[in-house]
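Trainee: In the working numbering, the protein residues as written are 138 to 377.
The C-beta atom is built at its ideal place from N, Cα and C for all residues, glycine as well.
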Ligand SMILES: C[S@@+](CC[C@H](N)C(=O)[O-])C[C@H]1O[C@@H](n2cnc3c(N)ncnc32)[C@H](O)[C@@H]1O
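Encoded structure:
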């Protein structure tokens, strides 16, 4: 159940998404040294050009202690949306699979790979539904998951990127372990405004119970961003 401020925040995010009705090409500055140029954002896809969680996840992927977890290795961008995390990892030298439940997102991600002369496998399915057909294990999985608990809103396709109707996070944590190589890691962001404790979608709340060791980095994003306040970036590793 969303609080009133959370409900208002979801509406604000959805309204901002509705401004664009045609594909746009945006330059996304992720760090001082790393920029994605003419990155395509299609309508009905979580917009990485202004959503704070997309940029913070992409920025985390460029941290010097994170790059070695996927460079030269097999990486999975789960819930890829427009494909921002997958693109960053491709540019940094990973072999990447991208997957999303939304057809619009998978198409957008495919365009953001193919139109830039890169090669990656792009899938459309619920969590690991299509990934399992590859019969591959990954050294690294990133999932910028829906943070809020609640039913996606009818006729608001992007709401599925923000609202978890129940169990997406826990199913992901249960299944992800069997797709990780030994020593592999998962990176997940969380925006604490979306809730805390049991019933929230904070990965740290469930990680230990689901058999992961957790490393957390806390980030305070500027007040000028659409999702402002405190984020955590978690690195999860299955316990032996
Ligand atoms: C917060 S958005 C993140 C998008 C993109 N990774 C980014 O950072 O901009 C969450 C994404 O997860 C996808 N998603 C939601 N539930 C899913 C599921 N059960 N299986 C796969 N993807 C899912 C949504 O369609 C959406 O694209």
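Kindly give me the distance between the Cβ atoms of residue 283 and residue 271, rounded to whole angstroms, as I take these residues to be in contact under 8 Å.
Mentor: About 24 Å; that fails the 8 Å criterion.
Trainee: Residue 368: buried (16+ other C-beta within 10 angstroms of its C-beta) or exposed?
Mentor: So residue 368 ends up on the buried side.
Trainee: Going by alpha carbons, who is nearest to residue 214 out of 276, 303, 160 and 360?
Mentor: Closest option to residue 214, Cα to Cα, is 276.
Trainee: Does residue 168 come out as helix, strand or coil in the three-state DSSP assignment?
Mentor: In this structure, residue 168 counts as strand in the three-state DSSP scheme.
Trainee: Cα separation between residue 335 and residue 358?
Mentor: Taking the straight line joining both Cα atoms gives about 24 Å.
Trainee: Please check the pair residue 172 and residue 184, which I expect to be a contact at CB under 8 Å, by giving their CB distance rounded to whole angstroms.
Mentor: No, residue 172 and residue 184 are not in contact; Cβ-Cβ is about 17 Å, not under 8 Å.
Trainee: According to DSSP, which residues form a beta bridge with residue 322?
Mentor: Per DSSP, 277.
Trainee: For residue 379, tell me which candidate among 198, 249 and 375 has the shortest Cα-Cα distance.
Mentor: Shown here, the chain extends from 138 to 377; a query on residue 379 therefore has no answer.
Trainee: For residue 257, is the beta carbon positioned less than 8 Å from some heavy atom of ligand 1?
Mentor: No, the beta carbon of residue 257 sits no closer than 8 Å to any heavy atom of ligand 1.
Trainee: Is the beta carbon of residue 234 less than 9 Å from the beta carbon of residue 260?
Mentor: Their beta carbons are under 9 Å apart, which means residue 234 touches residue 260 by this criterion.
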